[in-house]
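*Asks:* Below you'll find the structure I mean.
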Amino acid sequence: MEGDATAGRSGGRNGRIETISVLFVCLGNICRSPSAEAVFRHLLASEGQSLAVDVDSAGTGDYHVGDPPDIRSQRSAERRGIDLSGLRARQVCADDFDRFDLILAMDRSNLRALQTLRPGSSRAEVRLFLEYAEVVEDLDVPDPYFGGQDGFERVLDLITLASRGLLAALRRRHAARLIGGCDVNL
Ligand code: 4NP
Numbered sequence: 305m306e307g308d309a310t311a312g313r314s315g316g317r318n319g320r321i322e323t324i325s326v327l328f329v330c331l332g333n334i335c336r337s338p339s340a341e342a343v344f345r346h347l348l349a350s351e352g353q354s355l356a357v358d359v360d361s362a363g364t365g366d367y368h369v370g371d372p373p374d375i376r377s378q379r380s381a382e383r384r385g386i387d388l389s390g391l392r393a394r395q396v397c398a399d400d401f402d403r404f405d406l407i408l409a410m411d412r413s414n415l416r417a418l419q420t421l422r423p424g425s426s427r428a429e430v431r432l433f434l435e436y437a438e439v440v441e442d443l444d445v446p447d448p449y450f451g452g453q454d455g456f457e458r459v460l461d462l463i464t465l466a467s468r469g470l471l472a473a474l475r476r477r478h479a480a481r482l483i484g485g486c487d488v489n490l
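Numbered continuously in the numbering used here, the sequence shown closes out at residue 490.
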């Protein structure tokens, strides 16, 4: 496995809860990745209390730094009881590759940008978020920015699916480490 996301930055074995840090990344950090950040946080709050997970999001581009999530993302999230209004866009930086265990790209273009930015010394695992979704036709979360509200609904559906898979993977990893310190692939 590239990097060692299973280790966690504040990791420990023998039953101690260790924190794993996850960064969701898209292009602008106003549509897909802030939605993923908020949906995954929401899921952790309702079903993942036994896990210690730090969650954040960022964009590979700087076009929208400081902006709140796109109003269409906010509307789709709101319909599902999730408030995005407090989030603000930021750009990925070199420190993120040291700070986060797992960096999850929304599409292959974001993944390529991350691989270019990634310092050689980084131990972060960088992969596509939809690898965690149980059944998907494609591993890209489609960029909804130039489309209509239905595209934003689709983004929320895909993100919710992958968030469930990610939570299950983190649970498996947590359980494996509690019973003997063997690593399980995330
Ligand atoms: P995101 O969507 O990467 O999911 O935040 C986009 C936001 C803005 C732009 C493109 C995609 N833009 O070209 O400004």
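The beta-carbon is built from N, C-alpha and C at its ideal position, and this holds for glycine as well. Bear in mind the structure is a predicted one, so any value in this text is a computation, not a measurement.
Can you give the Cα-Cα distance for residue 334 and residue 393, rounded to whole angstroms?
*Replies:* Working through the sequence shown from its first residue, we reach residue 334 at position 30. Working through the sequence shown from its first residue, we reach residue 393 at position 89. Cα-Cα distance, rounded: 6 Å.
*Asks:* Closest by CA to residue 406, which one among 398, 427 and 442?
*Replies:* For the purposes of this step, residue 406 is identified with residue 102 of the sequence shown, where counting begins at 1. The residue with the shortest Cα to Cα distance from residue 406 is 427.
*Asks:* What did DSSP end up calling residue 450 once you bin it into helix, strand or coil?
*Replies:* As a first step, residue 450 must be located in the sequence shown, where it is residue number 146. Reduced to three states, the DSSP call for residue 450 is coil.
*Asks:* Among the residues of its own chain, which have a CB less than 8 Å from the CB of residue 352, if the five just before and after it don't count?
*Replies:* Reading the sequence shown from its first residue, position 48 is the one you call residue 352. Counting only Cβ-Cβ distances below 8 Å, and skipping sequence neighbours, we find 471, 474 and 475.
*Asks:* Have a look at 339, 438, 418 and 422 and flag the residue whose alpha-carbon is nearest the alpha-carbon of residue 376.
*Replies:* Locating residue 376 in the sequence shown gives position 72, where the first residue counts as 1. Here the closest residue by C-alpha is 339.
*Asks:* If you run the structure through DSSP and keep just helix, strand and coil, what is residue 392?
*Replies:* As a first step, residue 392 must be located in the sequence shown, where it is residue number 88. In this structure, residue 392 counts as coil in the three-state DSSP scheme.
*Asks:* Can you give me the Cβ contacts of residue 380 inside the same chain, cut-off strictly under 8 Å, excluding the 5 residues immediately before and after it?
*Replies:* Here residue 380 corresponds to residue number 76 of the sequence shown, with the count starting at 1. For residue 380, where only same-chain residues beyond five positions count, the Cβ hits under 8 Å are 339, 453, 456, 457, 459 and 460.
*Asks:* Could you check whether residue 328 and residue 433 sit closer than 9 Å to each other, using their CB atoms as the reference points?
*Replies:* Sequence index remark: in the sequence shown, residue 433 carries index 129 (1-based). Sequence index remark: in the sequence shown, residue 328 carries index 24 (1-based). Cβ atoms of residue 433 and residue 328: closer than 9 Å.
*Asks:* Residue 465: which of 373, 365 and 443 sits nearest, CA to CA?
*Replies:* Here residue 465 is taken as the residue at index 161 of the sequence shown, counted from 1. Selected option, being the one with the closest Cα: 443.
*Asks:* Secondary structure at residue 382, three-state DSSP: helix, strand or coil?
*Replies:* On the sequence shown, position 78 is the one that residue 382 refers to. Here residue 382 sits in helix by DSSP.
*Asks:* Would you decide whether residue 400 is buried or exposed? Buried here means 16 or more other CB atoms lie within 10 Å of its CB.
*Replies:* Numbered from 1 along the sequence shown, position 96 holds the residue referred to as residue 400. Residue 400 is buried by the Cβ-count criterion.
*Asks:* Assuming residue 417 contacts residue 364 (C-beta within less than 8 Å), just tell me the rounded distance between them.
*Replies:* Counting from 1 along the sequence shown, the entry for residue 417 is found at position 113. Counting from 1 along the sequence shown, the entry for residue 364 is found at position 60. Right, their Cβ atoms sit about 4 Å apart.
*Asks:* If distances are taken between C-alpha atoms only, which option among 383, 387 and 358 comes closest to residue 372?
*Replies:* Residue mapping note: residue 372 aligns to position 68 of the sequence shown, counting from 1. Ranking the options by Cα distance to residue 372, first place goes to 387.
*Asks:* Could you check what DSSP says for residue 407 in three-state terms: helix, strand or coil?
*Replies:* Here the question's residue 407 lines up with position 103 in the sequence shown. Correct three-state label for residue 407: strand.
*Asks:* Relative to the C-alpha of residue 469, which candidate in 448, 440 and 480 has its C-alpha closest?
*Replies:* Locating residue 469 in the sequence shown gives position 165, counting from the first residue. If we check each option's Cα against that of residue 469, 440 comes out closest.
*Asks:* Going by Cα to Cα distance, which pick from 430, 326 and 325 is closest to residue 419?
*Replies:* By 1-based counting over the sequence shown, the position of residue 419 is 115. Among 430, 326 and 325, the Cα nearest to that of residue 419 is on 430.
*Asks:* Measure the C-alpha to C-alpha separation of residue 463 and residue 437 and round it to an integer number of angstroms.
*Replies:* Reading the sequence shown from its first residue, position 159 is the one you call residue 463. Reading the sequence shown from its first residue, position 133 is the one you call residue 437. Take the alpha-carbon of residue 463 and the one of residue 437: they are about 8 Å apart.
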